[in-house]
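Trainee:
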Amino acid sequence: MAKILMKGNEAIAEAALKAGATNYFCYPITPQTEVAEYLSRRMPEVGGVFLQGESELAVANMLFGASSTGKRVFTTSSSPGISLMQEAISYMAGAQLPVVIVNIMRGGPGLGGILPAQSDYFQATKAGGHGDYRVLVLAPSTIQEAVDLMMLAFHLADKYRNPVMMIGDGMIGQMMEPVEFPEKYKEPPLPPKTWAATGAKGRKPIIIKSLYLDPNLLEDNAWTLHDKYEQMKKEEVRFERYKVSAKNRILLVAYGTMARICQTAIDELEKKRISVGLFRPISLFPFPEKQIYQEAGKKNIGDVLVIEMSMAQMYEDVDRAVRGQKQVSFFGRTGGIVPSPEDVVEQIEKLIDKRKPKAKKKKA
Amino acid sequence: MDRSDKTIFARPEALTDTITHYCPGCTHGIIHRLVAEALDSLGVREKALGVAPVGCSVLAYNYFNCDFLEAPHGRAPALATGFKRLRPDMIVFTYQGDGDLASIGMSEIIHSANRGEKFTTIFVNNAVYGMTGGQMAPTTLAGQITTTCPMGRNVEQTGQPIRMVELLSSLVTPAYLERVAVHTPRHILQAKRAITKAFKYQSEGRCFTLIEVLSTCPTNWGKTPEESVKWLEESLMSYYPLGCKKDPEKPELNDGTV
Ligand SMILES: Cc1ncc(C[n+]2csc(CCOP(=O)(O)OP(=O)(O)O)c2C)c(N)n1
Ligand code: SF4
């Protein structure tokens, strides 16, 4: 298929349809409302279900019911809306239901603002609701990648029977870029959905629940979930390296839009003969912990710098991954303020200045 | 005397052979049976989906012999909405207590009713939060003693109890709304008719249907089963009048806006 120019939000919507997800529930919130507007037109064309619910609380619970049918279902929202969805996300994780949730993040906490931010990293990656669970988190940095990851998200949700979240900052939703969709979306085979509630005809009733009053059974369920997360850590770690080489003195770690800005900064620094590499996590859970450990451990790396559009959230995971091999520092802007490539260059130059051996005082 | 082997009373197919955990004198069990009989009489058990609430009937999925979801507290109507929208060919019902439906889940029930979602809600009103030990519910009567209003419900501070059927009947969209009771054989028969009718309307593709059932909670009312029946009849029924508030076959009830 030829490339077409599309706004991120609409491309995400179209990607879901390509992946056979024709059931969408939503509640309007900036900066992702275009997804809902777009799908309100498209769903009737593809014979799908479009429903605007009364709140994100209801929407996420509608997804719980809808996912129980075994069909692919999804929603898109932004930070405050995602907070309201946490109840159902916890229940769906407990009941092992696949669902895809897109968070086009805006600045917080509270009502915050409507401009791009990455401040829901903790909420997305550490279980935003109650209980021992995780959601698989993917973070695109271009519209094309948003399309590819959106389709993949449905596959992974089905593969693991677990909620999958794609998080992008407002830029990913609002930007226009050329994108290409596959003629026909192909994915590896998945097991039949024998767990779906389809009516107890010729079989025992199927019960979809997260309630286990017997502590032994509840612990069993926690172990089942844990095993899935361990499998994700083995099979679903995704990342990309940009200009990582033995000449690098500094390793940057950034994701999403922030990673793209870092790439521009790296190109600028190259002209000044400062060699910097970028490590860009694509899966935020599972986090590319081992890979970051290895990159940071290389002899040529003096410093690791984490750059975010939030207040040192991913920093904690990077610092943990580096395990004290190198100094890990943080730079970020938030609240809707996006660091420019020049800001990044300046931070790196500062870091290099700090490391320069101080000129020794001459003895009198 | 003719001693034929004809079965005259048996467990409905839509119920499992399980001993329930309900207290003696609790009418949750009777209501379960009526729902199961309705599913059987319409022959829809194999394409039925129930949604259990959080409340004393949280384990309803163990007692019904059909597919079931266990919802978060109050959200059963949202789950039912999502499910039924994707499977309009199935018969979907929620089974909810008064704390679940009229307090934490008020928004979900009103909007489901107003969108005309094509499922049936069995709303069990026992005027208390049963499962958590008898706290005040939005349906607790004025002056009624509960563990969180030990001096009796003070309506100056907490308002008057909510009449859900009346409240929902102000909406134009719902198809069928009726309040019934199950404390005497006569009332049980009436309730059975209402519940069956609700499922029949659903299978005809009509909009939202809800049956409110006045139910006993001897344990938390601090009464014997006999006293509970009496209190239900004298107190609950005088504040919550039985009867139909909306029915597609009775256009005179429908504010002229069917
Ligand atoms: C979010 C949430 N809040 C509170 C509870 C605790 N809780 C469990 S059951 C219940 C009340 C149920 O009462 P009701 O709906 O009247 O049903 P009954 O037990 O009387 O049948 C409450 C408050 C919960 N499980 N989840
Ligand atoms: S606590 Fe009340 S509502 Fe719950 S089972 Fe016992 S009698 Fe029934």
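Chains A and B, in that order, are what the protein sequence lines are. For the first sequence, my numbering begins at 402 and goes up steadily by one. For the second sequence, my numbering begins at 10 and goes up steadily by one. The beta-carbon is built from N, C-alpha and C at its ideal position, and this holds for glycine as well. Remember, it's a predicted structure, so these values are computed and weren't measured experimentally.
Is the region 425 to 436 of chain A in contact with the region 475 to 485 of chain A, if contact means three or more CB pairs nearer than 8 angstroms?
Mentor: yes
Trainee: Could you tell me whether the Cβ atoms of Thr155/B and Val137/B are closer together than 7 angstroms?
Mentor: Counting from 1 along the second sequence, the entry for residue 155/B is found at position 146. Counting from 1 along the second sequence, the entry for residue 137/B is found at position 128. Taking 7 angstroms as the Cβ cut-off, Thr155/B and Val137/B qualify as a contacting pair.
Trainee: Return the residue from the list Gln453/A, Asn462/A, Arg473/A that minimises the CA-CA distance to Leu418/A.
Mentor: Counting from one through the first sequence, the residue named residue 418/A turns up at place 17. Among Gln453/A, Asn462/A, Arg473/A, the Cα nearest to that of Leu418/A belongs to Arg473/A.
Trainee: Nearest chain B C-beta to Ala416/A closer than 7 angstroms, yes or no?
Mentor: Counting from one through the first sequence, the residue named residue 416/A turns up at place 15. Chain B contact via Cβ: absent.
Trainee: For Thr266/B, count neighbouring C-beta atoms within 10 Å of its own C-beta (all shown protein chains included) and say buried if the count is 16 or more, exposed if not.
Mentor: Reading the second sequence from its first residue, position 257 is the one you call residue 266/B. Here Thr266/B scores only 48 on pLDDT, less than 50, and its place in the model should not be relied on; the value that follows carries that caveat. The residue in question, Thr266/B, is exposed, as its Cβ has fewer than 16 Cβ neighbours within 10 Å.
Trainee: Which of the residues in the region 409 to 437 of chain A, read from start to end, lie with their CB under 9 angstroms from any CB of chain B?
Mentor: Contact residues of the region 409 to 437 of chain A toward chain B are Asn424, Phe426 (C-beta to C-beta distance below 9 angstroms).
Trainee: Starting from Gly59/B, follow the beta strand (DSSP E) in both directions and report where the run begins and ends.
Mentor: Taking the first residue of the second sequence as 1, we reach residue 59/B at position 50. Element bounds for Gly59/B: 57 to 61.
Trainee: Checking the sheet assignment: what are the DSSP bridge partners for Asn424/A?
Mentor: Counted from its first residue, the first sequence places residue 424/A at position 23. BP columns for Asn424/A point to Val450/A.
Trainee: In angstroms, rounded to a whole number, what distance separates the CA positions of Ala111/B and Ser13/B?
Mentor: Position 102 of the second sequence, counting from 1, holds the residue named residue 111/B. Position 4 of the second sequence, counting from 1, holds the residue named residue 13/B. In a straight line, the C-alpha of Ala111/B is about 49 angstroms away from that of Ser13/B.
Trainee: Can you find a CB in chain B that lies within less than 7 angstroms of the CB of Ala598/A?
Mentor: Against the first sequence, residue 598/A aligns to sequence position 197. For Ala598/A, the nearest CB of chain B lies under 7 angstroms from its own CB, placing it at the interface with that chain.
Trainee: Does chain A have any CB closer than 7 angstroms to the CB of Thr266/B?
Mentor: Mapped onto the second sequence, residue 266/B falls at position 257. In this predicted model, Thr266/B has a pLDDT of only 48, less than 50, meaning its place in the structure is not dependable; the value taken from the coordinates is given anyway. Residue-level contact by beta carbon fails for Thr266/B and chain A, as no gap is shorter than 7 angstroms.
Trainee: With distances taken Cα to Cα, identify the nearest neighbour of Gln695/A among Lys610/A, Arg642/A, Ala496/A.
Mentor: In the first sequence, residue 695/A corresponds to position 294, counting from 1. The option with the nearest alpha carbon to Gln695/A is Arg642/A.
Trainee: Extract the residue ranges of the beta strand (DSSP E) inside the region 473 to 553 of chain A, only unbroken runs of 3 or more that lie entirely within it.
Mentor: 475 to 478, 500 to 506, 537 to 539
Trainee: So, Ala61/B versus Met463/A, is the Cβ gap smaller than 7 angstroms?
Mentor: The residue you call residue 61/B lines up with position 52 of the second sequence. The residue you call residue 463/A lines up with position 62 of the first sequence. No; because the gap between Cβ atoms is not below 7 angstroms, this pair is not in contact.
Trainee: What's the C-alpha gap between Ser179/B and Pro517/A?
Mentor: Position 170 of the second sequence, counted from the start, is the residue given in the question as residue 179/B. Position 116 of the first sequence, counted from the start, is the residue given in the question as residue 517/A. Cα to Cα, Ser179/B sits roughly 42 angstroms from Pro517/A.
Trainee: Determine the direct distance from the alpha carbon of Ser542/A to that of Ile573/A, and round the result to whole angstroms.
Mentor: Within the first sequence, numbered from 1, the residue matching residue 573/A stands at position 172. Within the first sequence, numbered from 1, the residue matching residue 542/A stands at position 141. In a straight line, the C-alpha of Ile573/A is about 7 angstroms away from that of Ser542/A.
Trainee: When burial is assigned at 16 or more other CB atoms within 10 Å of the CB, is His627/A buried or exposed?
Mentor: Residue 627/A sits at position 226 when you count from the first residue of the first sequence. By the neighbour-count criterion, in which 16 or more other beta carbons inside 10 Å mark a residue as buried, His627/A falls on the exposed side.
Trainee: Work out the CA separation of Ala697/A and Leu706/A for me, nearest whole Å.
Mentor: Within the first sequence, numbered from 1, the residue matching residue 706/A stands at position 305. Within the first sequence, numbered from 1, the residue matching residue 697/A stands at position 296. Going by the C-alpha atoms only, they are around 10 angstroms apart.
Trainee: By DSSP's criteria, Cys253/B is part of a beta bridge. Which residues make up the other side?
Mentor: As a first step, residue 253/B is located in the second sequence; it is residue number 244 there, counting from the start. For Cys253/B, which the question treats as bridged, DSSP gives the partners Glu187/B.
Trainee: So with CB distances below 9 angstroms, who are the chain A contacts of Ser116/B?
Mentor: Along the second sequence, one-based indexing puts residue 116/B at 107. Chain A residues near Ser116/B: Glu455, Ser456, Leu458, Ala459.
Trainee: Is there a C-beta anywhere in chain A that falls below 7 angstroms from the one on Glu79/B?
Mentor: Counting from one through the second sequence, the residue named residue 79/B turns up at place 70. For Glu79/B, the answer is yes, since a Cβ of chain A falls inside 7 angstroms of its Cβ.
Trainee: Would you check if the distance between the CB atom of Asn71/B and the CB atom of Thr129/B is smaller than 7 angstroms?
Mentor: For the purposes of this step, residue 71/B is taken as the residue at position 62 of the second sequence. For the purposes of this step, residue 129/B is taken as the residue at position 120 of the second sequence. Taking 7 angstroms as the Cβ cut-off, Asn71/B and Thr129/B do not qualify as a contacting pair.
Trainee: Any heavy atom of ligand 1 closer than 6 angstroms to the Cβ of Tyr138/B?
Mentor: Residue mapping note: residue 138/B aligns to position 129 of the second sequence, counting from 1. Yes, since a heavy atom of ligand 1 falls inside the 6 angstroms radius drawn around the Cβ of Tyr138/B.
Trainee: From what residue to what residue does the beta strand (DSSP E) around Asp76/B run?
Mentor: In the second sequence, the residue the question calls residue 76/B occupies position 67. From DSSP, the beta strand (DSSP E) with Asp76/B extends over 76 to 79.
Trainee: To which residues of the same chain is Phe523/A closer than 7 angstroms at the C-beta, ignoring the five residues directly before and after it?
Mentor: Sequence index remark: in the first sequence, residue 523/A carries index 122 (1-based). When the five nearest sequence neighbours on each side are left out, the beta carbons in the same chain lying within less than 7 angstroms of the beta carbon of Phe523/A are those of Gln714, in order along the chain.
Trainee: Counting only Cβ pairs nearer than 7 angstroms, list the residues of chain A close to Glu55/B.
Mentor: For the purposes of this step, residue 55/B is taken as residue 46 along the second sequence, with counting starting at 1. By Cβ distance, chain A contributes Gly600, Ala601, Lys602.
Trainee: Less than 7 angstroms separating the beta-carbons of His196/B and Val238/B?
Mentor: Taking the first residue of the second sequence as 1, we reach residue 196/B at position 187. Taking the first residue of the second sequence as 1, we reach residue 238/B at position 229. Contact: no.
Trainee: Distance cutoff 7 angstroms, beta carbons only. Does Phe555/A sit that close to anything in chain B?
Mentor: Locating residue 555/A in the first sequence gives position 154, where the first residue counts as 1. False, the Cβ-Cβ gap to chain B never drops below 7 angstroms.
Trainee: Over the uninterrupted alpha helix (DSSP H) stretch that includes Gln169/B, give me the two end residues.
Mentor: Here residue 169/B refers to the residue found at position 160 of the second sequence. Looking at the DSSP string, Gln169/B is not in any alpha helix (DSSP H), and its letter there is neither H nor E.
Trainee: For Pro579/A, which residues from the same chain have a beta carbon less than 6 angstroms from its beta carbon, with the 5 sequence-adjacent residues on both sides left out?
Mentor: Mapped onto the first sequence, residue 579/A falls at position 178. Short of 6 angstroms from the beta carbon of Pro579/A, and not among the five residues preceding or following it, lie these beta carbons of its own chain, in chain order: Lys404, Leu406.
Trainee: Quick one: which residues of the region 460 to 472 of chain A get their C-beta closer than 7 angstroms to a C-beta of chain B? List them in chain order.
Mentor: Asn462, Met463, Leu464, Phe465, Gly466, Ala467, Ser469, Thr470, Lys472
Trainee: Can you name, in chain order, every residue of its own chain whose Cβ lies under 6 angstroms from the Cβ of Met493/A, other than the five neighbours on each side?
Mentor: As a first step, residue 493/A must be located in the first sequence, where it is residue number 92. Excluding residues within five positions, the ones whose Cβ falls inside 6 angstroms are Phe465, Val500, Pro564.
Trainee: Out of curiosity, what's the CA-to-CA distance linking Phe732/A and Val654/A?
Mentor: Locating residue 732/A in the first sequence gives position 331, where the first residue counts as 1. Locating residue 654/A in the first sequence gives position 253, where the first residue counts as 1. Cα-Cα distance, rounded: 10 angstroms.
Trainee: For Val164/B and Phe475/A, I'd like the C-alpha separation in whole angstroms.
Mentor: The count along the second sequence starts at 1 and reaches residue 164/B at position 155. The count along the first sequence starts at 1 and reaches residue 475/A at position 74. Using only the alpha carbons, I get a separation of about 43 angstroms.
Trainee: Could you tell me whether any non-hydrogen atom of ligand 1 is closer than 6 angstroms to the CB of His816/A?
Mentor: Outside the modelled stretch of chain A, which goes from 402 to 765, sits residue 816/A, for which no answer is possible.
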